[in-house]
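Spelled out as structure tokens, the structure:
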């Protein structure tokens, strides 16, 4: 592309994102190199480790305005703004930016990817330094606690002692809870959204079917398929299952009802997709195969299933002063509201400052990504109160009533 | 087996089924032979057609006590009692038998299999008379209306002009509704259970994922696998998906919670099943592969998705005097209660005699098979009132107040 055309493209991108962050950049941070790898929950070690991350806004002099935002299963570090030469804004663009709930005029927002993934961080598709080839299923098993332990290195590297807030939905919410469990003194406040202390058997069951679909595809080859190509059919079916669980009965009815695929006047009486909803799932499955690694899907779903901070595991005997805003959505049947309520009950028993809200929505689990208005208002007020230190009469979290 | 041992085995079987029907037999009825095949909704024809069926109890002289019971997706004609050399009773054994809700001391109960299936009736695994080989995907597409049209031939053959009742759950319930739509004058009463006038996009979506899982298995070979063997992996995953939808979040929690598989003291940190719920799904998947034909699963799920008796299609302009008992279950999220309520609303608009009850249960969609007590009481009273002709002051359905 010529310079003029490039400039024009960039301007168009900025136009799209008016009132937004504009063009952002994904960075990489590498640690656990050489003789000092990260010790994992499984007992194995991993290193070197690279984490992809993005930051938005400016860290203040007191380093008291840093917010860590964490993503869901197939998400990435690109939470807001747009990347050069791409046109889609980040996955939480409506929530993060100047004047938005995670207000980048006030706060320094970090979004970190996870280990085990395939979006710039070390995972099964990364090169195994021992062999010079992709790890495949030689990659060690990772847990949510391992993901968070890796992120802690990133936060150290950024020079942040205490995070004003850790926030995220779904698996991002699990990481939020794990941050509190692992490093309570480093988390001033926490916003776990549409998440759970532990997976129910139904959630485990869906994940196991997803895994079986991937591993049942002969193209998976025991996880060593990086030369021959992804197990596309199995991975597409796996993602189709996922998509059903992300939506709700009602949102599917509103979006698709029983409409036939475009151009179809009647049933095909063959095994091609007849209905629009089938076409949508096929499209989602096919596009996922292009953007996500099958082994990462396996490793991360297993980490989700192993996660369990129930009982005394979230908060042990020690007193913590982390404040919580817990959010769930009415039509979310993958992470139903009762699971958020279990988090709240546990916090209340420990006399921790926790606000809970079940938000109205028909969007199912996807609501945490799309219902940004109601969610945004609550987040914005909660951050404001935490930052100004008005709560509990102490200012250790923030800016003594001054906004900057 | 020697005669004495055989006799002993039979006695043991009868012992198991005390107060039950004892040993029953599956029969076959063949029609649409030669130049007069069945014309299908797709425009294609099928013949000869064999239907597997069972009967329990005695048809009375007036032929007014016949009840047709219809099964769900993977069910069969074996609804009650036990078959010789098998030990598992029929799928609705708790509902059908002497003194049971479908009381075989009073009623003549018929259970018919469906075309497209693989349980003794003509389906894709049957021999194609044109080639002498199994049809595979050369089998014509069938609809619920086609299944019912075939059953109508069986009812003719049994010499029954008017059925006292047609009853069934899930796909059985769809056949019930289709019987009313196709042959209203031949149905005195109808009991559709845990069913719908039409599949929602969510129901279609699950079925499409099931089909993609089967067809994505290279062993499916375009449906012509009868020499090489079933697409086992794909079919097992398909059935695992199905099983999740048959249960409820709560019933899975009660049955499995997060218990680890027997013998496991800790997580495996590999991709083997860790949790009991995973082991259960694997077991269900593996056993399904042994008993059900993959192509039948494809054809029948497509028939379910095409089914649509909404609007004027269930009952057109004509008056009908069929009585209805419509049942649904609280925790059934595959066929949620609102779908049964849509049936009832439609009936009420047409001023048809309809009773509706949503039964308490935590068993999800499986409830129609296992919650036989509450269901049974309602069915028993409904049949009694229909049979004695007490309702509407006419006795055309039954026995003038006398039980025989």
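Residue numbers (our numbering), protein chains in the order written: chain A, 1235 to 1638; chain B, 1235 to 1638. C-beta atoms are modelled at their ideal positions from N, C-alpha and C, and glycine is treated no differently.
| Query | Result |
| --- | --- |
| Counting only the same chain and skipping the five closest in sequence on each side, list residues whose C-beta sits under 6 Å from that of residue 1467 of chain B. | 1451 |
| What ranges does the beta strand (DSSP E) occupy inside the segment 1247-1318 of chain A, keeping only unbroken runs of at least 3 residues that lie completely in it? | 1261-1265, 1283-1290 and 1300-1304 |
| Of all the options A:1508, A:1504, A:1503 and A:1489, which has the alpha carbon lying nearest to the alpha carbon of residue 1497 of chain A? | A:1508 |
| Sorted by chain position, which residues of the same chain lie with C-beta nearer than 6 Å to residue 1332 of chain A's C-beta, five sequence neighbours on each side aside? | 1338 and 1339 |
| Report the option in A:1514, A:1569, A:1297 and A:1327 whose CA atom is closest to the CA atom of residue 1311 of chain A. | A:1327 |
| State the Cα-Cα distance for the pair residue 1372 of chain A and residue 1506 of chain B, rounded to the nearest angstrom. | 15 Å |
| Roughly how many angstroms separate the alpha carbons of residue 1583 of chain A and residue 1553 of chain A, rounded to a whole number? | 12 Å |
| Note down, in chain order, all residues in the segment 1505-1526 of chain B with a beta-carbon under 9 Å from any beta-carbon belonging to chain A. | 1505, 1507, 1508, 1509, 1510, 1511, 1512, 1514, 1515, 1516 and 1519 |
| Quick one: what's got a C-beta closer than 6 Å to residue 1542 of chain B's C-beta in the same chain, skipping five residues either side? | 1432 |
| In whole angstroms, give me the CA-to-CA distance for residue 1623 of chain A and residue 1401 of chain A. | 18 Å |
| Would you decide whether residue 1305 of chain A is buried or exposed? Buried here means 16 or more other CB atoms lie within 10 Å of its CB. | buried |
| Applying the criterion that 16 or more other CB atoms from any shown protein chain within 10 Å of the CB defines a buried residue, is residue 1525 of chain A buried or exposed? | exposed |
| Spatial neighbours of residue 1445 of chain B within its chain, please: C-beta separation below 7 Å, excluding the five flanking residues on both sides. | 1532 and 1535 |
| Closest Cβ-Cβ distance between residue 1638 of chain B and chain A: below 7 Å? | Residue confidence is low: residue 1638 of chain B scores 32 on pLDDT, short of 50, so the model does not pin down where it sits. No coordinate-derived value is stated. |
| Helix, strand or coil for residue 1542 of chain B? Go by DSSP, reduced to three states. | strand |
| Could you pull the start and end residues of the alpha helix (DSSP H) that residue 1619 of chain A belongs to? | 1606-1621 |
| Determine whether the beta carbon atoms of residue 1303 of chain B and residue 1345 of chain B lie at a separation below 7 Å. | yes |
| For a contact defined as C-beta to C-beta under 7 Å, what are the partners of residue 1404 of chain A on chain B? | Residues of chain B passing the Cβ test: none, with the nearest at roughly 17 Å. |
| Three or more beta-carbon pairs under 8 Å between the segment 1552-1569 of chain B and the segment 1398-1418 of chain B, yes or no? | yes |
| When you compare the CB of residue 1565 of chain B with every CB in chain A, is at least one pair closer than 7 Å? | no |
| Is residue 1446 of chain B close to chain A, meaning its C-beta is less than 7 Å from at least one C-beta of that chain? | yes |
| Anything in chain A within Cβ reach of residue 1303 of chain B, meaning under 8 Å, just list it in chain order. | The contacting residues do not exist; residue 1303 of chain B stays about 28 Å from chain A at best. |
| Just list the residues that DSSP pairs residue 1346 of chain A with in beta bridges. | A:1287 and A:1304 |
| I want to verify the contact list: residues of chain A whose CB lies under 8 Å from the CB of residue 1449 of chain B, in sequence order. | 1505 |
| Rounded to the nearest angstrom, what separates residue 1369 of chain A and residue 1361 of chain B at their Cα positions? | 49 Å |
| Counting only Cβ pairs nearer than 7 Å, list the residues of chain A close to residue 1532 of chain B. | 1505 |
| List the residues of chain B whose Cβ lies closer than 7 Å to the Cβ of residue 1491 of chain A, in chain order. | 1435 |
| For the segment 1314-1328 of chain B against the segment 1382-1395 of chain B, do three or more pairs of beta-carbon atoms, one drawn from each stretch, fall closer than 8 Å, so that the two count as touching? | no |
| Is residue 1336 of chain A helix, strand or coil when you go by DSSP? | strand |
| Can you name, in chain order, every residue of its own chain whose Cβ lies under 6 Å from the Cβ of residue 1254 of chain B, other than the five neighbours on each side? | 1331 |
| Since residue 1356 of chain A contacts residue 1284 of chain A with CB under 8 Å, what's their CB separation in whole angstroms? | 5 Å |
| For residue 1378 of chain A, return the contacting residues in chain B, with the cut-off set at a CB-CB distance below 8 Å. | Ordered by position in chain B, no residue passes the 8 Å Cβ test against residue 1378 of chain A, which lies about 13 Å from the chain. |
| Can a CB atom of chain A be found closer than 7 Å to the CB of residue 1439 of chain B? | yes |
| Suppose the cutoff is 8 Å on Cβ atoms and the five residues either side in sequence are ignored; what does the same chain contact list for residue 1363 of chain B look like? | 1282 |
| List the residues that DSSP assigns as beta-bridge partners of residue 1399 of chain A. | A:1301 |
| Just mark residue 1504 of chain A as buried or exposed, buried being the case when its beta carbon has 16 or more other beta carbons within 10 Å. | exposed |
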